[in-house]
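Visitor: From first to last, the protein sequence lines stand for chains V and C.
Per the numbering used here, numbering through the first sequence is continuous, rising by one, with the last residue being 526.
Per the numbering used here, numbering through the second sequence is continuous, rising by one, with the last residue being 123.
Dropping the structure in here first, questions after.
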Amino acid sequence: GQSLEQPSEVTAVEGAIVQINCTYQTSGFYGLSWYQQHDGGAPTFLSYNALDGLEETGRFSSFLSRSDSYGYLLLQELQMKDSASYFCAVRAGSSASKIIFGSGTRLSIRP
Amino acid sequence: DTGVSQNPRHKITKRGQNVTFRCDPISEHNRLYWYRQTLGQGPEFLTYFQNEAQLEKSRLLSDRFSAERPKGSFSTLEIQRTEQGDSAMYLCASSTPTGAASGANVLTFGAGSRLTVL
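Written as structure tokens, this is what we have:
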């Protein structure tokens, strides 16, 4: 089966850096994605890693280590608008098109 | 294109009634997904279509749930004999295997249909 684990809550200070970790277990691996969801909103795509290493997109970066079945999302120069839930997700299933989400990490940012 | 559209946005029903949700995906997207999300949890996979073919269905999904995508465009999700435990946000998402981030199978979500079963 497939499972993903991530911390349920993280708190950080505005302007700081925060890292949200994700460990996964899948029968086949086709990449790790990250989504952001604000309260009352729909999840939106942030980043994707298929290979080991760091992918950078503006203030957000995502890292993957396939040997450790581990990835993280790094948010820099935190802004109040970054307060949201963040989900890691993996492709799985026989067609590799089923996308399974973690339970999410709620990020709270303090002034 | 205005993105993924879901209707109705809110549905309140009594236990035992049937409900149907509709999803209109982005027009060029051939993949369509249904998820269920409860407060404080991540989206839970329900089912997935490629064009009109339903390729996967969650084993957690009871026989009371059925989904269709008859012409490979819009999709409907029907819940029969609703139970209070069915109360949740039902999210639809679509994607396409082509594009710059095709390897990611990037999902574009609709705003969801919130179901409350009394």
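All residues carry an ideal CB built from backbone N, CA and C; glycine is no exception.
Please read all numbers here as calculations on a predicted model, not as lab measurements.
Could you compute how far the alpha carbon of I462/V sits from the alpha carbon of A504/V?
Guide: Sequence inspection shows Ser at residue 462/V; the Ile mentioned does not correspond to that position. Rounded to the nearest angstrom, the two C-alpha atoms are 10 Å apart.
Visitor: Based on Cα-Cα distance, which residue from F50/C, L82/C and L44/C lies nearest to R27/C?
Guide: The shortest Cα separation from R27/C among F50/C, L82/C and L44/C belongs to L82/C.
Visitor: In angstroms, rounded to a whole number, what distance separates the CA positions of A105/C and S423/V?
Guide: Any answer about A105/C is weak, because its pLDDT of 47 lies below 50 and its placement is not dependable; what the coordinates show is given next. Cα to Cα, the separation comes out at about 31 Å.
Visitor: Assign M94/C to buried or exposed, taking buried as 16 or more other Cβ atoms, counted over all protein chains shown, within 10 Å of its Cβ.
Guide: buried
Visitor: Is there a Cβ of chain V sitting closer than 8 Å to that of A72/C, yes or no?
Guide: no
Visitor: Does DSSP put A105/C in a helix, in a strand, or in coil?
Guide: Residue confidence is low: A105/C scores 47 on pLDDT, short of 50, so the model does not pin down where it sits. No coordinate-derived value is stated.
Visitor: Would you mind reading off the limits of the beta strand (DSSP E) that contains A98/C?
Guide: Element bounds for A98/C: A93 to S100.
Visitor: Tell me, please, which residues DSSP counts as bridged to D467/V.
Guide: The partner list for D467/V (beta bridge, DSSP) is empty, contrary to what the question assumes.
Visitor: So, helix, strand or coil for K513/V, using DSSP?
Guide: strand
Visitor: Looking only at its own chain, which residues have a Cβ that is under 6 Å from the Cβ of G519/V, when we skip the five neighbours before and after it?
Guide: S500 and F502
Visitor: Spatial neighbours of Y38/C within its chain, please: C-beta separation below 6 Å, excluding the five flanking residues on both sides.
Guide: Y53 and A98
Visitor: Got a sec: which bits of the region 111-122 of chain C sit with their beta carbon under 8 Å from any beta carbon on chain V, in order along the chain?
Guide: V111, L112, T113, F114, G115, A116 and G117
Visitor: If we count Cβ pairs, one from each stretch, closer than 8 Å, do we get three or more for the region 462-481 of chain V versus the region 9-27 of chain C?
Guide: no
Visitor: DSSP three-state call for K62/C: helix, strand or coil?
Guide: In the structure shown, the three-state DSSP call for K62/C is strand.
Visitor: So, for Q85/C: in the same chain, excluding its five sequence neighbours on each side, which residues have a beta-carbon less than 6 Å away from its beta-carbon?
Guide: N23 and R69
Visitor: Could you tell me whether the Cβ of F50/C comes closer than 8 Å to any Cβ of chain V?
Guide: yes
Visitor: Around the Cβ of D497/V, are there at least 16 other Cβ atoms within 10 angstroms (buried) or fewer (exposed)?
Guide: buried
Visitor: Rank K62/C, R41/C, L44/C and H15/C by C-alpha distance to the C-alpha of S512/V and give the top, closest one.
Guide: Selected option, being the one with the closest Cα: K62/C.
Visitor: Using DSSP's beta-bridge definition, name the partner residues of S418/V.
Guide: Q440/V
Visitor: What residues in its chain sit with their C-beta under 7 Å from that of S67/C, if we drop five residues either side in the sequence?
Guide: none
Visitor: Helix, strand or coil for D497/V? Go by DSSP, reduced to three states.
Guide: In this structure, D497/V counts as helix in the three-state DSSP scheme.
Visitor: With DSSP as the reference, please indicate the residues paired to V505/V in a beta bridge.
Guide: L447/V and I515/V
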